[in-house]
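Beneath this line is the structure, given in structure tokens, with notes to follow.
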Amino acid sequence: MSTRFGFIALLLLILLPPLGGQTKKLKVYISVDMEGISGVVTDDQLGPAGFEYARYREVMTREALAAVRAAKEMGATEILVSDSHGNGENLLVDMFPKDVRIIRSWPRRLSMMAGIDSTFDAVIFIGYHASIHSQKGVRAHTFSSARLARIALNGLEVSEGAWNAAIAGYFGVPVVMASGDEFAIGELRQVLGNIEGAEVKKSLGYLSANTLTGEAAVELIGQKVRTALGRLKEFRPYALSTPVTLDITFKHYRPAEALAYLKSIERTGTHAIRYVAKSMLEISDFMVFLTNYNIALEP
């Protein structure tokens, strides 16, 4: 009788967590852009003035929710979602579970990655697009298609995804999955390795695509998030060597001229400047200032 009792007690100790203990937390960061959402091709979907915007902010929300649900299925205990497109007020907040927090509007430190820190375990990109250097991606640009012609970190031309992965990498957090067209995913894989990719559309040009339906995209995103978090131990953070060198080429002459008045800025061409910083955080702060400051700003 005592032997049997001892066996049962040992089995319970093995199977059950310690009294008052908790299982390991899984904390996931989800950054959501819009150009890489299924069906999105032109300005008609991308801003409040577009006749399809109201519909496609719902599609954007549903694709973000697909990532949230899949992360929860894989054990995520805390999820932070960053609304990272346009005015930062696109996601329909009331559609999200009450235990999910949403970051909205601008300006904000770390921009599309606001709120990321070393306590997170994984980063997911939803609705991301190819870079300004891509010849074929749908709505391909890096931060501003109207103002910027080239952005490079430590000599490597980068997309918004690679830039944001470098911010996450500073905190030791890996990017594990991204959704978008094939060029957005391909660019990220060149930098980050074999991350999971949900290809929700194929590019036919800058303003055209062969796209999945919203329902099919939601299913694919959920599947890829589950696979990615199941492979979590295989991924490594994208951490840049320091100091970090940022090279920017503007589409116009005057920004490079004006920025070169600063001692910390080197003008490397008629339209180009270079900034060297101690870390990716300083580089990010510089870019947030550069893309948000306007002399007409008022309190």
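Numbering (my numbering), first residue to last: -12 to 286. The C-beta atom is built at its ideal place from N, Cα and C for all residues, glycine as well.
- Of all C-beta pairs linking the stretch 103 to 113 to the stretch 16 to 23, three or more are shorter than 8 Å, placing the two stretches in contact.
- Here ASP31 is not near TYR115, since their CB atoms are 8 Å or more apart.
- Assignment of GLY62 by DSSP, reduced to helix, strand and coil, places it in the coil class.
- Take the alpha-carbon of THR255 and the one of ASP104: they are about 33 Å apart.
- Unbroken beta strand (DSSP E) runs of no fewer than 3 residues, entirely contained in the stretch 168 to 198, are found at 183 to 192 and 195 to 198, following chain order.
- By the Cβ rule, the stretch 181 to 195 counts as touching the stretch 22 to 40, because three or more pairs are nearer than 8 Å.
- Assigned with DSSP and collapsed to three states, ARG91 falls in coil, not helix or strand.
- For VAL205, the secondary structure class from DSSP, reduced to helix, strand or coil, is helix.
- Residue state for ILE119 is assigned as coil, using DSSP reduced to three classes.
- Between LYS220 and the set LEU284, PRO161, ARG137 and ALA127, the nearest pair of CA atoms involves PRO161.
- When only Cα atoms are considered, ARG213 and ARG241 end up about 47 Å apart.
- For ALA139, the closest of GLY217, TYR280, MET274 and GLU285 by C-alpha to C-alpha distance is MET274.
- Inter-segment contact for the stretch 87 to 99 and the stretch 67 to 75 is present: three or more beta-carbon pairs are separated by less than 8 Å.
- Closest in alpha carbon position to LYS189, among ARG261, LYS123, GLY102 and GLU285, is LYS123.
- In chain order, ILE17, VAL19, VAL68, LEU78 and ILE113 place their CB closer than 7 Å to the CB of ALA51, counting only its own chain and leaving out the 5 sequence neighbours on each side.
- Judged by DSSP in its simplified three-state form, PHE222 adopts coil rather than helix or strand.
- With respect to the 8 Å criterion, TYR262 and SER251 are classified as neighbours on the basis of their beta carbons.
- The Cβ-Cβ distance between ALA226 and GLU174 does not fall below 8 Å.
- A contact is defined here as three or more CB-CB pairs under 8 Å, and the stretch 139 to 148 fails this definition with respect to the stretch 35 to 52.
- Excluding sequence positions up to five before and after ARG49, its CB lies within less than 7 Å of the CB of GLY201 and VAL205, all in the same chain and listed in chain order.
- Spanning the alpha carbons of ALA247 and THR236 requires a straight line of approximately 13 Å.
- For SER251, there is no enclosing beta strand (DSSP E), as DSSP gives it neither H nor E.
- Per DSSP, PHE83 has no beta bridge partner at all.
- Annotated three-state conformation of ALA136 is strand, per DSSP.
- For the 8 Å CB-CB criterion, MET47 and ILE24 form a contact.
- When only Cα atoms are considered, ALA264 and ASP234 end up about 11 Å apart.
- Nearest neighbour of LYS238 by Cα position, chosen from ARG137, PRO224, VAL80 and TRP93, turns out to be ARG137.
- Inclusion of ALA58 and LEU216 in the CB contact set at 8 Å is warranted, their separation being smaller than that value.
- For MET274, the three-state secondary structure derived from DSSP is helix.
- Per DSSP, the beta-bridge partners of TYR262 are LEU233 and ILE252.
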